[in-house]
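Residue numbers (UniProt numbering): 1 to 130.
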């Protein structure tokens, strides 16, 4: 099982991201699992804590990722879920950890390494014409 769960929600060319207060980096919402908690239960709890007014449609597992961050050397172990529909106000619940939530274009923004990995696989940049 993964150590943490992340949510990918997209609409109209934008993705739902939250900004960490500690370093100003943006990331897909989610967080660390507690003992005896399933990946999906972790995701639901984390979303309720971080964005209490957000209502999610059906969520399904996209991929479990276990890899080593090439820059930091840290190990990633994430269950990544995709939401079919997300609506509601983006009110911050955990203001100590997160200072902003927004629907953003997935490029041109400073992302955490895990979120960059997710973005690059789910939203690849278009090939350049020569």
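Built from N, CA and C at the ideal position, the CB exists for glycine as well.
Please read these numbers as outputs of a predicted model, since none were measured by experiment.
Cα-Cα separation between residue i and residue j, rounded to whole angstroms
{"i": "residue 51", "j": "residue 122", "result": "23 Å"}
{"i": "residue 22", "j": "residue 110", "result": "13 Å"}
{"i": "residue 43", "j": "residue 31", "result": "7 Å"}
{"i": "residue 91", "j": "residue 53", "result": "6 Å"}
{"i": "residue 33", "j": "residue 39", "result": "7 Å"}
{"i": "residue 62", "j": "residue 118", "result": "10 Å"}
Selected residue, minimal CA-CA separation from residue i, among the options
{"i": "residue 102", "options": "125, 116, 96 and 86", "result": "86"}
{"i": "residue 11", "options": "106, 97 and 125", "result": "106"}
{"i": "residue 97", "options": "46, 84 and 58", "result": "46"}
Near the ligand FMN: residue i beta-carbon under 8 Å from a heavy atom
{"i": "residue 33", "result": "As far as ligands go, the structure on display features none, and thus does not contain the ligand FMN."}
Beta bridge counterpart(s) of residue i as assigned by DSSP
{"i": "residue 38", "result": "Residue 38 is not bridged to any residue."}
{"i": "residue 59", "result": "83"}
{"i": "residue 32", "result": "4"}
{"i": "residue 159", "result": "Since the displayed the chain opens at 1 and closes at 130, residue 159 lies outside it and no answer follows."}
Own chain, CB closer than 6 Å to residue i, minus 5 neighbours either side, in chain order
{"i": "residue 19", "result": "26, 99 and 100"}
{"i": "residue 15", "result": "106"}
{"i": "residue 55", "result": "87 and 88"}
{"i": "residue 66", "result": "77"}
{"i": "residue 59", "result": "81 and 83"}
Own chain partners of residue i with C-beta closer than 7 Å, once the 5 adjacent residues on each side are dropped
{"i": "residue 69", "result": "76 and 113"}
- What residue ranges within the stretch 65 to 127 form continuous beta strand (DSSP E) runs of no fewer than 3 residues, ordered along the chain? Considered as a whole, the stretch 65 to 127 harbours 75 to 87 and 98 to 104 as its complete beta strand (DSSP E) runs of no fewer than 3 residues, in chain order.
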